[in-house]
């Protein structure tokens, strides 16, 4: 059945498994380790983990299994112990994966190992013995106002897909929402009266509902996109050209394409970079760090502080504005 192509005028054209008890055993091998992962995933789904987190668990376990099959002789009979996972880490370093990438893969493995220990399937808490690798301090610079404007200029807003991406840029710059969260926003999640977007708990990374305000200028553009979605009988606000919710990967690729077209070099132009840009510009405009933490949806304020790397010129201006010494002289 043909999908309906979404146009700018809104006119469509054709174009549980129950976890079984298992006694502790010191000879638990990799073959059993891989088989029991399916039961672990049932447990995680019942906990209500976000879909992306579920997919990460599956993806990173697949990477580990691929390594075992290609690099470890008779891997299924290898005993589950710290050494084999250290071999995996060494392999990832050898392949020159970034520390943050290595840690993403290790965290899911550690989570599974911890579950095996808690469920008394293995006698030793191996997860506590596997340490994450040290990650260099994040020094990525956000996009400047001028660079964002250059991105805007290369967009053809008469084309639905580019107009949609333009609105995505505006919303992220206005409230700092994560791209995965934003793309899961349904039409009913937008309050046109209060000009707020509700990020539902089931789609929020932290599994907590939060309400994000947007400005009048952004609201006007968002409403236009909603009108298009409603005219095409869509449930979500941000849709693909042929209907149905747009996926994150495609938006990221589009943003990178716009960055290249705008001649922005040495910086990422992903949706996450727009989120970082929001954080920095919000602090410069006077938003306190605790309100910023709430808007970004960070459980820990330390994470929020990582996002905000203010340059020296801003610090100098902020210091001059405070003029604290006048209180003493």
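In the working numbering, the protein residues as written are 1 to 329. Each residue gets a CB set at the ideal place from its N, CA and C atoms; glycine is no exception.
Measuring alpha carbon to alpha carbon, tell me which of the options ends up nearest residue i.
i	options	result
residue 167	224, 45, 267 and 268	224
residue 186	127, 268, 233 and 266	233
residue 142	210, 77, 148 and 276	276
residue 211	273, 172, 219 and 200	200
residue 204	247, 161 and 52	52
residue 330	207, 58, 151 and 93	In the structure displayed, the chain extends from 1 to 329; residue 330 sits before or after that span and is not available.
residue 145	269, 293 and 299	269
residue 46	293, 202 and 299	202
residue 30	57, 61 and 56	61
residue 217	175, 83, 59 and 58	175
residue 220	77, 90, 99 and 163	163
residue 161	244, 191 and 294	244
Taking Cβ positions, are residue i and residue j nearer each other than 8 Å?
i	j	result
residue 97	residue 67	no
residue 179	residue 189	no
residue 65	residue 54	no
residue 79	residue 27	yes
residue 103	residue 154	no
residue 151	residue 259	yes
residue 99	residue 133	yes
Residue i to residue j, Cα distance in whole Å?
i	j	result
residue 184	residue 257	23 Å
residue 115	residue 40	7 Å
residue 291	residue 307	14 Å
residue 242	residue 147	30 Å
residue 81	residue 170	49 Å
residue 130	residue 110	7 Å
residue 255	residue 119	44 Å
residue 42	residue 267	39 Å
residue 101	residue 193	42 Å
residue 38	residue 58	9 Å
residue 34	residue 69	12 Å
residue 262	residue 36	49 Å
residue 157	residue 209	32 Å
residue 32	residue 95	27 Å
residue 222	residue 77	56 Å
residue 50	residue 159	32 Å
residue 253	residue 235	23 Å
residue 302	residue 63	30 Å
residue 85	residue 272	31 Å
residue 177	residue 294	11 Å
residue 90	residue 191	50 Å
Whose C-beta lies closer than 8 Å to the C-beta of residue i among residues of the same chain, with five residues either side of it excluded?
i	result
residue 305	289
residue 56	104 and 108
Since residue i contacts residue j with CB under 8 Å, what's their CB separation in whole angstroms?
i	j	result
residue 279	residue 296	6 Å
residue 229	residue 237	6 Å
residue 124	residue 251	Residue 124 to residue 251, Cβ: 43 Å. No contact.
residue 274	residue 173	6 Å
residue 92	residue 107	With a Cβ gap of about 13 Å, residue 92 and residue 107 do not count as contacting.
residue 195	residue 226	Residue 195 to residue 226, Cβ: 12 Å. No contact.
If you drop the 5 nearest sequence neighbours on each side, which residues of the same chain put their C-beta closer than 6 Å to that of residue i?
i	result
residue 20	Any reading at residue 20 must be qualified, since the residue scores a pLDDT of 38, below 50, and its modelled position is unreliable; the value itself is stated next. Closer than 6 Å at the Cβ level, and outside the excluded window around residue 20, lies no residue.
residue 113	126 and 127
residue 240	246
residue 264	147
residue 282	292
residue 287	none
residue 22	Confidence at residue 22 is low in this model, with a pLDDT of 43, below 50, so its placement is unreliable and no value can be given for it.
residue 149	none
Considering only residues of the same chain and omitting the five flanking positions on each side of residue i, which have a CB-CB separation below 7 Å?
i	result
residue 248	179, 180 and 183
residue 299	206
residue 122	24, 28, 80 and 116
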